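Okay, structure first, notes after.
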Amino acid sequence: MTIQWFPGHMLETKKWLQQSAARADVILEILDARVPRASENPWMDKFTRNTPRVKVLNKMDLADPDVTHQWLTYFKDQGIGHALAINAADRSLAMTALEQAVQQVPHNRARKKKVLVAGIPNTGKSTLLNTLAGKKVAKTGNIPAITRHQQRTSLPNNIDIYDTPGILWPVIEPPRRAYALAITGAISDTALDYQDIAWFAAGLLLHRYPEHLVARYRFLDPLPDNEQELLEQIGRARGCLKSKGRIDFHKAATVLIQDFRSGKIGKISVETPYDINDEEKNSAPTHI
Ligand SMILES: Nc1nc2c(ncn2[C@@H]2O[C@H](COP(=O)(O)OP(=O)(O)OP(=O)(O)O)[C@@H](O)[C@H]2O)c(=O)[nH]1
Ligand SMILES: [Mg+2]
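Mapping the sequence shown onto our numbering, position 81 (from 1) lands on 137, and the numbers just tick up by one.
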């Protein structure tokens with residue numbers, strides 16, 4: 057199974073990003089703290105080869121704090137020195153991210169520092185820009201591909217910051233990565249089967265965060281032992297019913313996905329550095 061969702065403006069942004077990444081003084085790469093690996097755009101390494109980069113794990117308020125800590129340690133161990141976790145709406149954390157970025161740029165009074173904010177859709181790039189500007193300069197929203205054009209904003213201390221449209225790549229593989237992105241809202245909900253996204257979320261929650269499920273859905277007694285039963289119980293309790301009392305799984309999926317995205321189920325991370333290491337080991341070619 058491959059997932060394709062690559063609206064036309066992303067190709068244009070790709071070309072623009074390729075040119076401007078080289079001209080920028082530093083890049084703030086905005087990742088989603090719940091999926092720090094899945095939300096890394098594989099093109100970013102290529103585009104930013106000689107430009108310093110700071111990895112920003114945004115939406116830390118929605119992610120499992122222990123797992124976010126593991127990710128920051130992982131990036132440090134990998135030699136990626138500049139990584140931090142923030143909530144883009146928090147001014148002091150947003151300023152820390154900007155300061156870390158600006159510290160990478162050699163001081164030159166005569167020149168404005170160019171900071172490029174880049175990443176996949178819906179990771180909070182425009183929100184960060186608004187927080188840094190102290191007013192609403194960019195449109196934001198909880199669906200992917202809100203920003204369609206790059207935008208420059210001047211900040212104090214001789215800084216120009218550039219917001220960019222979120223971009224993905226044409227084919228997203230493996231399926232785990234596509235579901236991880238879909239559950240956080242980085243891919244359009246129409247690109248995958250909505251119930252499959254909920255199934256993925258149900259599996260993750262049952263396996264890793266059963267106590268969060270019990271706290272959110274107090275009617276779960278006993279805790280279901282599979283995805284279908286979980287969605288059935290949520291559907292029944294929340295009145296997601298079709299004729300003759302049958303469960304409307306699409307509606308039940310909507311409840312679970314919306315609760316996940318809004319943080320109502322709790323602080324949840326979809327992937328840990330350990331999962332990624334295992335995945336990479338398992339997919340490594342075997343040499344005899
Ligand atoms: N909880 C939480 N929500 C955030 C945070 N940052 C952004 N958001 C929300 O995430 C959604 C997407 O934010 P945007 O700033 O529009 O994201 P973007 O990266 O500019 O998205 P595109 O322009 O589509 O690429 C909005 O609903 C924001 O309010 C954060 O740190 N925590
Ligand atoms: Mg935006």
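No residue lacks a Cβ here, since even glycine has one placed at the ideal position from N, Cα and C. Everything numeric in this text was worked out from a predicted model, so none of it was measured.
Here's a check: name, in chain order, each residue in its chain whose Cβ is nearer than 6 angstroms to the Cβ of residue i, leaving out the five neighbours to either side.
i    : result
S325 : R90, A119, D120, V123
A139 : K111, L128, F131
R109 : I83, E85
F275 : A293
R317 : G241
P177 : P200, A201, G222, A242
Any idea what DSSP makes of residue i, helix, strand or coil?
i    : result
T328 : coil
G322 : coil
T179 : coil
E96  : coil
K168 : coil
V91  : coil
A16  : Nothing in the structure corresponds to residue 16, since the chain is present only between 57 and 344.
G107 : Looking at the sequence provided, one finds Thr at residue 107 rather than Gly. It is coil, neither helix nor strand.
K71  : helix
R208 : strand
F62  : coil
I199 : coil
A308 : helix
Q156 : helix
G291 : helix
D120 : coil
H125 : helix
P341 : Unreliable placement is indicated for P341, whose pLDDT of 44 sits below 50; no coordinate value is reported for it.
K102 : helix
Q314 : helix
A150 : helix
A52  : Given that the chain is displayed from residue 57 to residue 344, the structure contains no residue 52 and the question cannot be resolved.
A80  : coil
Would residue i pass as a contact of residue j if the rule is Cβ separation under 8 angstroms?
i    : j    : result
D88  : A242 : yes
T179 : S95  : yes
L172 : A80  : yes
I239 : F256 : yes
I223 : K70  : yes
W61  : A247 : yes
K181 : T209 : no
I50  : G175 : Here the chain comprises residues numbered 57 to 344, so residue 50 is not present and cannot be evaluated.
Q207 : D219 : yes
I136 : A153 : no
P231 : H65  : no
A254 : I303 : no
L211 : A150 : no
P329 : Q75  : no
N164 : A144 : no
Under 7 angstroms Cβ to Cβ from residue i, same chain only, skipping five residues before and after it: list those, please.
i    : result
E327 : V91, R93, A94, A236
A77  : I83, F103, T104, T107, L172
P98  : W225
D245 : none
A194 : S182, L185, N186, T203, Q207, D219
Q156 : V110, H138, L140
L348 : There is simply no residue 348 to check, as the chain begins at 57 and stops at 344 in what is shown.
P341 : At P341, the pLDDT of 44 sits below 50, so the modelled position is not reliable; the number obtained from the coordinates is stated separately. Hits under 7 angstroms: none found.
P63  : A201
What does residue i pair with, by DSSP beta-bridge criteria?
i    : result
A174 : E85
I217 : V171, T209
N114 : D88
L297 : I303
Only counting the same chain, and skipping five residues up and downstream in sequence, which positions put a Cβ closer than 8 angstroms to that of residue i?
i    : result
R294 : K307, A308, V311
G259 : E283
D252 : Y235
R167 : N214
I332 : R93
V158 : V82, K169, V171, N213, I215
P266 : L279
V161 : D81, V82, P108, K169
L269 : L261, L262, L276, L279, L286, I321
Confirm the yes/no value for this check: CB of residue i, any heavy atom of ligand 4, distance under 7 angstroms.
i    : result
I313 : Among the ligands modelled here, namely ligand 1 and ligand 2, ligand 4 does not occur.
- Which ranges does the alpha helix (DSSP H) cover as unbroken runs of at least 4 residues, wholly within the region 223 to 287, from first to last along the chain? 231 to 240, 250 to 264, 266 to 272
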